[in-house]
Amino acid sequence: MSLSFKAQSLPLVMDASGAIRISKTRVTLETVITAYQAGYTPEEIVMQFPSLVLADIYSVISYYLHNQVEVESYLQQVAQEASQIRQELEVRFDRIGIRERLLARQNIGH
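Residue numbering for the sequence shown follows the working numbering, beginning at -9 and increasing consecutively.
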C-alpha cells in the first residue's frame, strides 16, 4: 500500500468586499482565528459554525501557524477598518437618547 502526497488547496477565498472567508461559507478568517486564539479547538469551532468542515479548519489553523506575521497583519488591518467604520457610524448616528426617540416613534404609530 502506498500513500500519495498531493498538496491540498487552502480553503480560503476573498469576497468582493475584500473579506477573507472559509470556502463556500460566510465565516471569515478572523472569526476562525479569533476563536482559535481564545482557546477553542477545531472541533468546537465547527460546532459553533455548522457550515464549516473540520478538515478546512485544521487547514486554516495550519496556514495561520505557518504565516502568523502575515495573518496577524491582516487581522490588525481588519480590526482597524472595523474601528474606523464604528467611529463613523457613532458620529453619524447619535446614540444618546436613542431609547427615548424609539419609544416616541412607537407611540406616534399607536
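The C-beta atom is built at its ideal place from N, Cα and C for all residues, glycine as well.
Task: Residues near ASP46 in its chain [Cβ-Cβ closer than 8 Å; skip 5 each side] - done: PRO1, ILE12, SER13
Open item on the list: Going by C-alpha to C-alpha distance, which of PHE(-5), SER(-1), SER(-6) sits closest to TYR53?
Closed with: SER(-1)
Task: PRO40 burial status per 10 Å Cβ neighbour count (16 or more: buried) - done: exposed
- [ ] Measure the C-alpha to C-alpha separation of GLU60 and GLU71 and round it to an integer number of angstroms.
- [x] 17 Å
Task: Check whether LEU42 and ILE51 have beta carbons under 9 Å apart - done: no
- [ ] Report the three-state DSSP secondary structure of THR31 (helix, strand or coil).
- [x] coil
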